[in-house]
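All remarks here apply to the structure that follows.
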Amino acid sequence: MSLLTRVLCLLALGRPDFDDHWKSLQSDQAFETIRSRSCSILANTITAAIVLLATGGVFVSTASPVSYFNYTSPAPYFLLYISLMLATMAILTSGSSMIHWLHTDRHWTKEQLKLGGYFVISYLLSILTPIFFVAWSLHCLIFAMLIAGFCSHSTIYRVTALWLVTYVVTIGTILMKSMWKYATL
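Here is the structure:
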């Protein structure tokens, strides 16, 4: 199994291989458990995307209430629009993946996954793509606020933005180490 497939399995299924998931396709009850878990993940992704869409929409449609935190300058405003676009894409892809999951059956899924290659990757990406869109939308929203904070004339906003950068780098480092650990098992 390639490194890409192992990482996608880890992100989509919570395990670095496809073996346990393949076993779940052998019975109807286990498949229903997988289907309900996947639909729950996709529903939560839609909820997160809607929150990001509403938050980004508020920032884009209103002016800053204080003069020293201007998020309507070009760079933050552009990132806010990108965040809105990615949140909308997350809602659309998550909805279409949920429709796919609700109308698929165990036998068809099993036959498609036996073919391997493209079908396995598209199967895993049907769960991960909306999550990636939500994650990138959140990143754009955070970076827009960071840029607005660093461009602020207030020391409090600059210190808060610096703390947020430190926090994001620390969490990113921890996640990368854990992903590398599980991908190389």
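For the sequence shown, counting from 1, position 25 maps to 457 in this note's numbering; every step adds exactly one. Backbone N, C-alpha and C define an ideal beta-carbon position, used for all residues, glycine too.
A check of alpha carbon separations from ALA475 across LEU560, LEU607, LYS613 identifies LEU560 as the nearest.
The beta carbon of ILE579 is closer than 6 Å to those of ALA507, PRO508 in its chain, skipping five residues each way along the sequence.
In this structure, ALA495 sits away from PHE565, with a CB-CB distance that is not shorter than 8 Å. Around the beta-carbon of VAL552, 16 or more other beta-carbon atoms lie within 10 Å, marking it buried. Here DSSP, grouped into helix, strand and coil, assigns CYS572 to helix.
DSSP places GLY488 in the uninterrupted alpha helix (DSSP H) bounded by 460-493. The C-beta distance from PRO497 to SER526 rounds to 33 Å, too long to meet the 8 Å contact threshold. By the Cβ neighbour-count rule, TYR500 is exposed, with fewer than 16 other Cβ atoms within 10 Å of its own.
Fully contained in the region 506-581 are the following alpha helix (DSSP H) runs of length 4 or more, in chain order: 506-535, 538-546.
The C-alpha of VAL601 is placed about 33 Å away from the C-alpha of MET530.
Minimum Cα-Cα distance from LEU484 among the listed residues HIS535, THR520, SER493, PHE510 corresponds to THR520. Judged by beta-carbon spacing, HIS532 lies within the 8 Å limit of SER558, meaning their Cβ atoms are closer than that value. Of all alpha-carbon atoms in THR487, ALA593, SER493, the one lying nearest the alpha-carbon of LEU573 is that of THR487. GLY581 sits buried, since 16 or more C-beta atoms from the chains shown fall within 10 Å of its C-beta. Per DSSP, LEU457 lies in no alpha helix (DSSP H) and is assigned neither H nor E.
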